[in-house]
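Worksheet: the structure to be examined is printed underneath.
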Amino acid sequence: MRVGSDVPGRIIRVPGGVAMNIAMALSRFGLKPDLLSAVGRDAQGDELIEAANVRGIGTNYVYRSEDLPSDIYMAVEGANGLIAAIADAHSLEAAGDKILRALSDGRLGSENTPYTGPIALDGNLTVALLRKISTSPLFGAADLRVAPASPGKAERLLPLLDHPRATLYVNLEEAGLLCHQTFDTSLAGASALIAKGAHRVLVTDGAKDATLATQNATFTQTPPPVMVARVTGAGDTFMAAHIAAEIDGADHENSLSQALEAAALYVSGDTDI
Numbered sequence: 032m033r034v035g036s037d038v039p040g041r042i043i044r045v046p047g048g049v050a051m052n053i054a055m056a057l058s059r060f061g062l063k064p065d066l067l068s069a070v071g072r073d074a075q076g077d078e079l080i081e082a083a084n085v086r087g088i089g090t091n092y093v094y095r096s097e098d099l100p101s102d103i104y105m106a107v108e109g110a111n112g113l114i115a116a117i118a119d120a121h122s123l124e125a126a127g128d129k130i131l132r133a134l135s136d137g138r139l140g141s142e143n144t145p146y147t148g149p150i151a152l153d154g155n156l157t158v159a160l161l162r163k164i165s166t167s168p169l170f171g172a173a174d175l176r177v178a179p180a181s182p183g184k185a186e187r188l189l190p191l192l193d194h195p196r197a198t199l200y201v202n203l204e205e206a207g208l209l210c211h212q213t214f215d216t217s218l219a220g221a222s223a224l225i226a227k228g229a230h231r232v233l234v235t236d237g238a239k240d241a242t243l244a245t246q247n248a249t250f251t252q253t254p255p256p257v258m259v260a261r262v263t264g265a266g267d268t269f270m271a272a273h274i275a276a277e278i279d280g281a282d283h284e285n286s287l288s289q290a291l292e293a294a295a296l297y298v299s300g301d302t303d304i
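Position one of the sequence shown corresponds to residue 32 (this note's numbering), numbered consecutively onward.
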């Protein structure tokens, strides 16, 4: 598909968004995630909450706004990959730190007893809120897993780049944006992010090599080859699979391998959304 094309195709509507995609994948891997987000009190919001609940995803901590509509993401995909996408996350941005109340009011944690489990954090949040999170004691004991949401929002993650408890999940383009460079390989991108002070990073490059890097070691692997049926949500599935593998006790090398296999399976269309 090229710019300006008018072609036959299929239009489908599915529950999504970075956090929702990660939560759905975590649920498929046998975990029970909870969402911290903003969803409108409209028909779309009710449908989204129901979609989460039937998948075993907790929604008790979701901020339901009376006057903000539910956000929407629209992607156009062709056989040659993602053509274009629009993310309308204005309600999430307007809600601000209201979505974090459960981490401060005692339901999940407080400043004196911060939450200690894994938190998947996405770059759809505003720069101001991400900067606040980077220094907040509410996140000081958590296992932070951070994704930029899209290349257009990659630089929002700069305040979290050198966070001592953060793992960054980025693709090769996003790694370049964070480092203000261009990289040819995932290994080069991951190494540059570590050199800039990152605690741990995972850099993907589509069907090419992916690299997990820490301050002390690097691991590079190639995903299994598959026919591509979809691309939106692949990175979120990769991230969720890696989190689930580590929770299950996998080491760096095996967790990377399991994440790549799960993402390839998702891209092939052989898993349910």
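The C-beta atom is built at its ideal place from N, Cα and C for all residues, glycine as well. Source: prediction; values computed, not measured.
| query | result |
| --- | --- |
| Assign Asn-155 to buried or exposed, taking buried as 16 or more other Cβ atoms, counted over all protein chains shown, within 10 Å of its Cβ. | buried |
| Just the C-alpha distance for Ala-63 and Arg-176, rounded to the nearest angstrom, thanks. | First, the residue type needs correcting, since residue 63 is Lys and not Ala in the sequence shown. In a straight line, the C-alpha of Lys-63 is about 16 angstroms away from that of Arg-176. |
| Could you name the residues of the same chain whose beta carbon sits closer than 6 angstroms to that of Thr-147, not counting the 5 residues immediately before and after it, in chain order? | Ala-172 |
| With distance defined between alpha-carbon atoms, name the residue in Val-257, Pro-256, Cys-210 nearest to Val-234. | Cys-210 |
| Are the CB atoms of Leu-191 and Ala-197 nearer to each other than 8 angstroms? | yes |
| Taking 8 angstroms as the threshold (C-beta atoms), are Ala-126 and Ser-167 in contact? | no |
| If you follow the beta strand (DSSP E) that Val-107 is part of, which residue opens it and which one closes it? | 103-109 |
| Residues bridged to Arg-176 by DSSP? | Ala-151, Thr-198 |
| Given Val-93, which residues of its chain have a CB within under 6 angstroms of its CB, disregarding the five upstream and five downstream residues? | Leu-66, Ser-68, Val-70 |
| Using the DSSP secondary-structure output, state which residues sit across from Gly-112 in a beta bridge. | Gly-109 |
| Compare the beta carbon distance of Ala-244 and Ile-225 with 8 angstroms and say whether it is the shorter of the two. | yes |
| Within the segment 202-261, note down every full beta strand (DSSP E) run reaching 3 residues or more, in order along the chain. | 231-235, 241-245, 249-252 |
| Short of 7 angstroms in beta carbon distance, which residues of its chain neighbour Val-49, apart from the five on each side in sequence? Order them along the chain. | Asp-153, Asn-155, Ala-178, Ala-180, Asp-267 |
| Within 10 Å of its beta-carbon, does Ala-159 have 16 or more other beta-carbons around it, so buried, or fewer, so exposed? | exposed |
| Counting C-beta neighbours from all protein chains within 10 Å, is the total for Lys-239 16 or more, i.e. buried, or is it exposed? | exposed |
| So which of Leu-208, Glu-205, Tyr-200, Ala-206 has the shortest CA-CA distance to Ala-272? | Tyr-200 |
| Between Thr-213 and Gly-237, what straight-line distance do the alpha-carbon atoms span, to the nearest angstrom? | 16 angstroms |
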